[in-house]
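Undergrad: In UniProt numbering, the protein residues as written are 1 to 131.
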Ligand code: HEM
């Protein structure tokens, strides 16, 4: 299903209480009717009206229910941005590839520790036997 797209310039016109839009991660949200309900107050939404508020929204550390509420206010996305499904996949890809790869550090991982202890014990046994 194709969704509505907007340019950033178009969104920037919706910066008043009559029509207030914000951009978050290339998605466009109409927060006009939400302004009065916003637990964080009107001012912060007005201050970000017509703008990309991705950083500001994340900085607050909004709850999962805030993010869910946000989805109900979504009206489309920024022109040229990849469709949501593709972006989600990319986020997943980058998070998995940036995860620490423990197995690459020699291949033995945590097995190294008991092996070292056994080797040391055998060496100590022979060393003490010679005395
Ligand atoms: C559609 C967009 C937004 C929605 C649905 C939304 C929703 C909410 C909700 C539900 C809360 C209550 C606390 C929580 O559940 O996290 C909250 C708090 C807050 N929001 Fe938003 N918000 C939006 C955009 C923004 C933006 C753009 C800012 C800009 C800075 C902002 C700033 C704040 C602040 C400062 C609080 C108060 C945090 C606190 O008292 O600890 N919000 N928002």
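Note that the Cβ used here is the ideal one computed from N, Cα and C, for glycine as well.
Only a predicted model underlies this, so the values are computations on that prediction, with no experimental measurement involved.
Can you check which of these residues, 50, 7 and 40, is closest to residue 18 by C-alpha distance?
TA: Indexing the chain shown from 1 puts residue 18 at position 18. Looking at the Cα atoms, 50 is the closest of the given residues.
Undergrad: Can we count residue 47 as close to the ligand HEM, meaning its CB is less than 8 Å from some heavy atom?
TA: As a working mapping, residue 47 is identified with position 47 in the chain shown. Yes, the ligand HEM has a heavy atom inside 8 Å of this Cβ.
Undergrad: Do the stretch 74-81 and the stretch 26-39 touch if we need at least three Cβ pairs shorter than 8 Å?
TA: yes
Undergrad: To the nearest angstrom, how far is the alpha carbon of residue 38 from that of residue 46?
TA: Numbered from 1 along the chain shown, position 38 holds the residue referred to as residue 38. Numbered from 1 along the chain shown, position 46 holds the residue referred to as residue 46. Computed Cα separation, rounded: 11 Å.
Undergrad: Among the residues of its own chain, which have a CB less than 6 Å from the CB of residue 7, if the five just before and after it don't count?
TA: Start at 1 with the first residue of the chain shown, and residue 7 comes out as number 7. Answer for residue 7: 79, listed in chain order.
Undergrad: Mind listing, in chain order, the continuous beta strand (DSSP E) runs of no fewer than 3 residues lying wholly within the stretch 4-58?
TA: 19-24 and 27-30
Undergrad: How many angstroms separate the CA atom of residue 76 from the CA atom of residue 36?
TA: Taking the first residue of the chain shown as 1, we reach residue 76 at position 76. Taking the first residue of the chain shown as 1, we reach residue 36 at position 36. Going by the C-alpha atoms only, they are around 22 Å apart.
Undergrad: For a quick check, are the C-beta atoms of residue 5 and residue 20 less than 9 Å apart?
TA: Here residue 5 corresponds to residue number 5 of the chain shown, with the count starting at 1. Here residue 20 corresponds to residue number 20 of the chain shown, with the count starting at 1. Contact flag unset, no.
Undergrad: Between which two residues does the beta strand (DSSP E) harbouring residue 76 extend?
TA: Within the chain shown, numbered from 1, the residue matching residue 76 stands at position 76. Start and end: 74-78.
Undergrad: Just the C-alpha distance for residue 124 and residue 111, rounded to the nearest angstrom, thanks.
TA: Working through the chain shown from its first residue, we reach residue 124 at position 124. Working through the chain shown from its first residue, we reach residue 111 at position 111. The straight-line gap from Cα to Cα measures roughly 20 Å.
Undergrad: By the three-class DSSP mapping on this structure, what secondary structure does residue 61 have?
TA: Residue 61 sits at position 61 when you count from the first residue of the chain shown. DSSP places residue 61 in coil when its eight states are reduced to three.
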